[in-house]
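Student:
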Amino acid sequence: MNLLVTGGAGFIGSNFIRQRLLEKGSPLTKLVNLDALTYAGNPANLADLASDPRYVFAHGDIGDTALVTKLLAEHQIDAVANFAAESHVDRSIDSPEPFFQTNVVGTLRLLNCVKAYWSKLAEPKKSAFRFLHVSTDEVYGTLTATDAPWNEECPYEPNSPYAASKAPS
Numbered sequence: 001m002n003l004l005v006t007g008g009a010g011f012i013g014s015n016f017i018r019q020r021l022l023e024k025g026s027p028l029t030k031l032v033n034l035d036a037l038t039y040a041g042n043p044a045n046l047a048d049l050a051s052d053p054r055y056v057f058a059h060g061d062i063g064d065t066a067l068v069t070k071l072l073a074e075h076q077i078d079a080v081a082n083f084a085a086e087s088h089v090d091r092s093i094d095s096p097e098p099f100f101q102t103n104v105v106g107t108l109r110l111l112n113c114v115k116a117y118w119s120k121l122a123e124p125k126k127s128a129f130r131f132l133h134v135s136t137d138e139v140y141g142t143l144t145a146t147d148a149p150w151n152e153e154c155p156y157e158p159n160s161p162y163a164a165s166k167a168p169s
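Numbering-wise (the working numbering), the sequence shown opens with residue 1 and increments by one.
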């Protein structure tokens, strides 16, 4: 299996990559990590895995359709896990535009590239292909001590530009 992980230098993405690469009996042949290395990305999170022949790092943005298209085809990707996001609530209040650019426009561009790639796959690869999109609980608003736990059927109530930028994705 060849896996494309976006946002893999961040906290959650890097732990996901580490788990996938170190898992015993993993069917992973190649893991491509596409990350823009913004304030949330830290290449040191995965420095010890750089020598793993299955690991490939690509510096870039999910909104770069030429790069995403190239990575999908070049590495014959079987699945995508999208962790890429601008994710700092306070920063989103000060400057919301980058959040909407990455979390909405970038995700849409990534999806369009993946859809175009997927549409050209032959069976059984086409049926087996998967896309995992990681969001945030922030889309549901604020949970108080007396509220019932959230689930996927709860209405969205984003209360920051960050949360609002994740809700449509």
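C-beta atoms are modelled at their ideal positions from N, C-alpha and C, and glycine is treated no differently.
Predicted model only: the values in this text are computed from it and were never measured.
1. Check for me: the alpha helix (DSSP H) holding A66 runs from which residue to which?
2. Less than 7 Å between the C-beta atoms of S160 and V89, yes or no?
3. Would you kindly work out how many angstroms separate the C-alpha atoms of W118 and G7, rounded to a whole number?
4. For Y140, which residues in the same chain have their Cβ closer than 7 Å to its Cβ, ignoring the five residues on either side in sequence?
5. Anyone know if the C-beta pair for P3 and A79 falls short of 7 Å?
6. Pick helix, strand or coil for N45, following the three-state DSSP scheme.
7. If you drop the 5 nearest sequence neighbours on each side, which residues of the same chain put their C-beta closer than 8 Å to that of G63?
8. Looking at the secondary structure, which residues open and close the alpha helix (DSSP H) in which A107 lies?
9. Touching or not, the region 44-56 and the region 114-128, by the rule of three or more beta carbon pairs under 8 Å?
10. Short of 6 Å in beta carbon distance, which residues of its chain neighbour P96, apart from the five on each side in sequence? Order them along the chain.
11. Give every residue of the same chain whose Cβ lies closer than 7 Å to the Cβ of S135, excluding the five residues on either side of it in the sequence, and list them in chain order.
Tutor: Reading it off the structure:
1. For A66, the enclosing alpha helix (DSSP H) stretches over residues T65 to E74.
2. Going by C-beta atoms, S160 is nearer than 7 Å to V89.
3. W118 and G7 have their C-alpha atoms some 21 Å from each other.
4. W150, C154, Y156 and E157
5. According to the sequence provided, residue 3 is Leu. The question's Pro does not apply to it. Yes; because the gap between Cβ atoms is below 7 Å, this pair is in contact.
6. helix
7. Q101, T102, V105, G106, R109 and L110
8. Reading off the sequence, residue 107 comes out as Thr, not Ala. Looking at the DSSP string, the run of the alpha helix (DSSP H) that includes T107 is T107 to S119.
9. no
10. P161
11. Hits under 7 Å: K166 and S169.
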